[in-house]
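For reference, the structure is listed below as structure tokens.
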Amino acid sequence: MQLTRYGEFPKDLPVIVDEDMLLYPFMIAPLFISNEDNLKAIDLAMEGKDKLIFIAPSKSNDEDTLDFYDIGVIGTIMRRVALPEGRIKILFQGLSRGSILQIKSTNPNIASVAPIISLPYDAVRIEAILAVLKENLRTLYSISQHFPQDLLKSINETSDPNRAADLISSAIRLKKDQAYKIFKEENPEERLLSLIEITMEEIRAQQIQKEIKNKVNSQMEKANKEYFLKEQLKQIQKELGGDSKKDSEIEEYRQKLESLKSAMPKDAYKEVQKQINKLSRMHQDSADANLLQNYLEVVLEIPFNAYAKKDLEISEVEKQLSKDHYALEKPKERILEYFAVRKLLEIRKTKAESHLDSTEAKGTILCFYGPPGVGKTSLANSIATALKRKLVRIALGGLEDVSELRGHRRTYIGAMPGRIVQGLIEAKEMNPVVVLDEIDKIRNSFRGDPSSVLLEILDPEQNKEFRDYYTNFDLDLSQVIFVATANDISAIPAPLRDRMEFININSYTPNQKEQIAKKYLIPQELKKHGLLVSEVSFSPSAIKMLIEKYTREAGVRSLRRKIAEILRKVSKQILQSAQKNVESKNTKKISITPKTLPSYLDKIVFEFENVSKNAEVGLVNGLAWTSVGGDVLKIEALKIRGKGSLHLTGNLGDVMKESAKIAHSYVKFLIDTGVLKINPKLIPLTPKEKEEHLEPSPSEIYNRFDIHLHVPEGATPKDGPSAGIAIASALASLLTNKKARCDVAMTGELTLRGKVLPIGGLQEKLIAAYKSGIQEVLIPKKNFERDLNEIPQEVRDGLKIHPISDFKEVLAVILR
1 MQLTRYGEFP KDLPVIVDED MLLYPFMIAP LFISNEDNLK AIDLAMEGKD KLIFIAPSKS
61 NDEDTLDFYD IGVIGTIMRR VALPEGRIKI LFQGLSRGSI LQIKSTNPNI ASVAPIISLP
121 YDAVRIEAIL AVLKENLRTL YSISQHFPQD LLKSINETSD PNRAADLISS AIRLKKDQAY
181 KIFKEENPEE RLLSLIEITM EEIRAQQIQK EIKNKVNSQM EKANKEYFLK EQLKQIQKEL
241 GGDSKKDSEI EEYRQKLESL KSAMPKDAYK EVQKQINKLS RMHQDSADAN LLQNYLEVVL
301 EIPFNAYAKK DLEISEVEKQ LSKDHYALEK PKERILEYFA VRKLLEIRKT KAESHLDSTE
361 AKGTILCFYG PPGVGKTSLA NSIATALKRK LVRIALGGLE DVSELRGHRR TYIGAMPGRI
421 VQGLIEAKEM NPVVVLDEID KIRNSFRGDP SSVLLEILDP EQNKEFRDYY TNFDLDLSQV
481 IFVATANDIS AIPAPLRDRM EFININSYTP NQKEQIAKKY LIPQELKKHG LLVSEVSFSP
541 SAIKMLIEKY TREAGVRSLR RKIAEILRKV SKQILQSAQK NVESKNTKKI SITPKTLPSY
601 LDKIVFEFEN VSKNAEVGLV NGLAWTSVGG DVLKIEALKI RGKGSLHLTG NLGDVMKESA
661 KIAHSYVKFL IDTGVLKINP KLIPLTPKEK EEHLEPSPSE IYNRFDIHLH VPEGATPKDG
721 PSAGIAIASA LASLLTNKKA RCDVAMTGEL TLRGKVLPIG GLQEKLIAAY KSGIQEVLIP
781 KKNFERDLNE IPQEVRDGLK IHPISDFKEV LAVILR
């Protein structure tokens with residue numbers, strides 16, 4: 001390396017012999033000079049224009065010896081400072097590698113010097129060698145404490161092989177002969193290869209040193225250190241009364257046990273007493289003593305004698321449910337019936353009426369199911385609030401380990417009680433409200449089947465004596481009120497479903513969401529954000545726009561998030577305005593209107609795509625149920641010249657594929673029997689028919705065309721039988737070339753005889769149709785007779801609902 005501002009170096013330069021180290025071109029280093037020859041060389045260098053000097057490394061550590069190498073560094077003296085006793089300190093900056101050609105006979109302090117010129121090299125080969133060398137350096141850095149991190153970074157950033165070689169040579173500990181050989185080498189490739197060999201030897205040496213240190217340390221810790229420390233600890237504990245401390249702890253455990261004796265089951269009392277006695281006989285330093293002590297501390301925290309003593313009042317439950325939730329009339333009514341039975345049994349449980357059994361009421365497990373965000377968990381919160389009981393929430397989503405519920409046996413390291421026992425300890429009472437959240441999302445694995453444990457927990461005949469593996473005694477869970485929540489009850493194992501009574505909580509209609517936003521969400525969020533009603537107002541049209549264009553959900557969770565997002569910006573706006581107008585006490589009220597709403601929210605997300613305004617051939621609106629609410633499902637059909645095959649796309653499940661085949665077969669049957677009239681002009685003629693002017697049979701319409709049936713949004717899996725009549729309608733419209741009405745949607749399962757069977761999720765589907773602007777809906781007749789009363793009045797008034805029992809009735813409505 002040669003700095004450009006110096007141009008060509010002079011041939012004759014003063015020479016300093018440095019006995020300490022080999023310097024490199026990139027270095028800026030302080031040097032302390034006391035040798036007379038070196039002092040003379042410095043004086044000569046200071047007389048020069050650029051203060052250039054040549055520093056050669058000494059072969060020995062004796063500064064009086066002039067035996068030195070014929071290589072060194074050409075550099076400049078940046079600063080010179082005089083020190084006491086005739087010594088001098090200089091700050092030297094290296095510029096280039098150089099070699100001594102000849103010492104001047106007239107002046108031994110000056111020598112003829114030439115820079116070491118690097119030979120040409122293959123850049124690709126050098127790059128590969130550098131990669132190997134840098135990998136070695138990273139390994140060396142990870143095991144050596146002497147390799148500086150900043151130097152490693154500099155080496156990684158350079159691509160100049162000579163600079164890299166100089167940096168590495170200065171970083172690792174090289175013998176002078178090794179350093180001399182690498183320094184003098186003109187071929188960059190040879191320099192780097194030599195360094196690879198040296199770094200590999202250094203890595204091996206460091207690894208051996210580290211291994212030896214680890215072995216020595218571990219042997220010391222195990223054989224000596226641990227032993228002496230334990231012996232010292234024993235003596236210290238004896239001096240400080242450690243034994244008496246242990247006795248006092250055991251006595252404390254006995255007192256706690258005696259205070260709980262009247263409330264504890266006999267087997268629980270015996271088990272805990274047994275473990276206390278065992279601990280008292282055990283040495284406090286043994287491994288089992290710590291485990292036993294943890295066990296006793298956990299078990300004695302179980303609130304055996306603590307119960308919520310608030311009398312059950314139906315009016316308070318009703319008041320709390322109405323306060324926290326809008327609509328949900330049927331779920332509220334069923335909850336009140338549940339508690340009414342409990343209250344009546346509690347009142348009439350006397351000697352004269354001893355035949356009454358309360359296990360029915362205690363054992364009934366309510367399970368709220370429906371889409372996310374409709375208020376399933378919050379209903380359980382309201383129940384706990386009304387009963388003045390603690391709420392314990394156990395999230396079961398993804399749970400696959402039986403021990404999470406039943407506890408671990410104490411033989412395992414890190415054993416702990418199950419979530420039920422932990423919940424009782426957390427609630428500090430034996431009759432809390434326990435919410436088993438997402439019960440439909442438990443999973444089986446090699447760790448067992450958690451649903452089998454839930455069978456015991458939720459069975460009134462078994463949960464009186466629920467045994468946790470950790471506690472190793474029975475607990476009475478019959479006083480606990482269990483409430484489960486789920487999105488899809490079909491995912492719950494059948495035996496577990498049999499233990500529960502399901503209460504469906506459906507999607508909210510837009511009007512219901514508006515009322516919930518006005519009465520619940522906005523007031524609650526105003527309070528959370530420190531805002532007053534006098535500072536912010538939402539116009540009805542803004543709330544409606546927020547519901548229709550900024551959220552997509554069955555419940556109101558996203559709606560709450562959007563309101564919170566608006567109020568955060570409002571809070572910031574009010575604070576900034578107050579800081580600007582400190583003197584003004586009156587702040588202007590902020591109104592959220594459809595015009596100002598886009599300034600508070602980022603983008604519009606339409607909840608439902610409105611139906612097409614133009615009727616088309618082969619395009620029909622179906623209705624689908626999903627775990628997050630209902631949706632309108634477009635079903636498209638297209639015919640292509642072919643041989644009568646049916647192609648299905650759209651990520652359809654096996655059941656839906658079978659529905660499509662049934663619909664295809666039944667539509668062909670209707671064509672064969674003449675129910676569906678086919679225009680002969682739609683059928684392509686064969687050459688023979690053209691020649692003889694023959695008219696093809698109507699049945700040829702499905703023999704001479706391939707049909708492609710597609711349900712858009714192929715990334716979304718779709719399955720279920722309720723799209724049968726919608727698929728058949730799309731095929732009938734396609735083959736007859738008649739347009740299907742765009743303002744009509746339908747749902748129903750189709751049989752091979754053309755009968756329309758009932759379906760599930762009717763309420764969600766009709767709400768989806770209502771939100772999408774559908775005018776008329778076709779539903780199975782049995783659903784019309786059985787489930788129509790459960791549909792919100794708003795939806796019934798906004799839709800014309802046709803009960804259908806046969807597919808021919810569908811054709812009469814849908815085809816134009």
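In our numbering, the protein residues as written are 1 to 816. The beta carbon of each residue, even a glycine, is placed where N, CA and C say it ideally should be. Source: prediction; values computed, not measured.
Whose C-beta lies closer than 6 Å to the C-beta of residue i among residues of the same chain, with five residues either side of it excluded?
i	result
alanine 361	For alanine 361, the pLDDT reaches just 46, beneath the cut-off of 50, and the residue's location in the model is therefore unreliable, although a value from the coordinates is still provided. So the list reads Val341, Arg342 and Leu345, once near-sequence residues are dropped.
valine 34	For the sequence presented, residue 34 should be read as serine rather than valine. Result list for serine 34: Arg87, in chain order.
alanine 384	Leu391 and Val433
proline 684	Arg704
glycine 375	His325
isoleucine 640	Asp706
Comparing alpha-carbon positions, which option in the options lies nearest residue i?
i	options	result
alanine 415	Ala386, Thr471 and Val216	Thr471
valine 617	Lys595, Glu85 and Leu815	Leu815
leucine 477	Ala165, Leu279, Pro303 and Lys549	Pro303
alanine 542	Lys528, Glu553, Gln515 and Gly530	Gln515
aspartate 654	Pro450, Ile590, Pro721 and Glu636	Pro721
arginine 409	Phe473, Ile394 and Leu455	Phe473
valine 317	Ala769, Val453 and Asn381	Asn381
aspartate 440	Leu454, Phe446, Glu429 and Asn431	Leu454
valine 813	Leu788, Asn789, Ala740 and Gly748	Ala740
leucine 101	Asp122, Leu396, Ser507 and Gly72	Gly72
methionine 746	Glu297, Thr673, Ile425 and Val620	Val620
glutamate 337	Ala327, Leu312, His647 and Ser729	Leu312
isoleucine 250	Glu297, Lys213, Lys270 and Ile563	Glu297
Please report the Cβ distance between residue i and residue j, rounded to the nearest whole angstrom; I am assuming they are in contact, meaning their Cβ atoms lie under 8 Å.
i	j	result
glycine 22	phenylalanine 183	Here residue 22 turns out to be leucine, not glycine, going by the sequence shown. Yes, they are in contact, since the Cβ atoms of leucine 22 and phenylalanine 183 sit about 7 Å apart, within 8 Å.
leucine 151	leucine 167	6 Å
leucine 752	serine 665	7 Å
isoleucine 110	leucine 13	7 Å
Quick one: what does DSSP say residue i is sitting in, helix, strand or coil?
i	result
leucine 328	coil
tyrosine 412	coil
asparagine 789	helix
serine 539	coil
threonine 716	coil
serine 246	Looking at the sequence provided, one finds lysine at residue 246 rather than serine. Three-state DSSP puts lysine 246 in a helix.
alanine 352	Because alanine 352 carries a pLDDT of 47, less than 50, the predicted location of this residue cannot be relied on, and the following value inherits that uncertainty. Alanine 352: coil per DSSP, three-state reduction.
glutamate 360	The pLDDT assigned to glutamate 360 is 45, lower than 50, so where the model puts this residue is not dependable; a value taken from the coordinates is nonetheless given after this. Three-state DSSP puts glutamate 360 in a helix.
leucine 815	strand
glutamine 93	strand
glycine 630	strand
aspartate 806	strand
aspartate 122	coil
lysine 175	coil
glutamine 102	strand
Near residue i, which residues of its chain fall below 7 Å by C-beta distance, leaving aside the five closest residues on each side in sequence?
i	result
proline 115	Gln2, Phe9, Ile74, Ser96, Arg97 and Gly98
phenylalanine 538	Ile522 and Ile592
alanine 352	Because alanine 352 sits at a pLDDT of 47, beneath the cut-off of 50, its placement in the model cannot be relied upon, and the following sentence gives the value as read from the coordinates. The answer is none, since no qualifying residue turns up.
valine 675	Lys808
proline 717	Asn651 and Gly653
tyrosine 702	Gly644, Lys668, Ile671 and Leu735
Given residue i, which residues of its chain have a CB within under 8 Å of its CB, disregarding the five upstream and five downstream residues?
i	result
leucine 526	Leu532, Val533, Val536 and Leu567
lysine 544	Pro510 and Glu514
lysine 589	Ser534, Glu535, Val536 and Ser537
aspartate 865	Limits of the chain in this structure are 1 at one end and 816 at the other, which puts residue 865 out of reach.
alanine 164	Leu130, Leu133, Ile155, Thr158 and Leu192
threonine 649	His708, Leu709, His710, Val711 and Gly714
lysine 428	Pro303, Ala306 and Lys390
glutamine 479	Tyr307, Lys362, Met430 and Asn431
| field | Every unbroken beta strand (DSSP E) within the segment 639-704, with a cutoff of 3 residues, ordered by chain | value | 646-649
| request: Tell me the start and end of each unbroken alpha helix (DSSP H) in the segment 13-87 that is at least 4 residues and wholly inside, in chain order. | output: 36-47
| said: What ranges does the alpha helix (DSSP H) occupy inside the segment 415-456, keeping only unbroken runs of at least 4 residues that lie completely in it? | reply: 419-427
| field | Continuous beta strand (DSSP E) assignments of at least 3 residues falling wholly in the segment 465-515 | value | 466-468, 473-475, 481-486 and 500-504
| alpha helix (DSSP H) runs wholly inside the segment 285-338, at least 4 long, in chain order | 287-299 and 314-324
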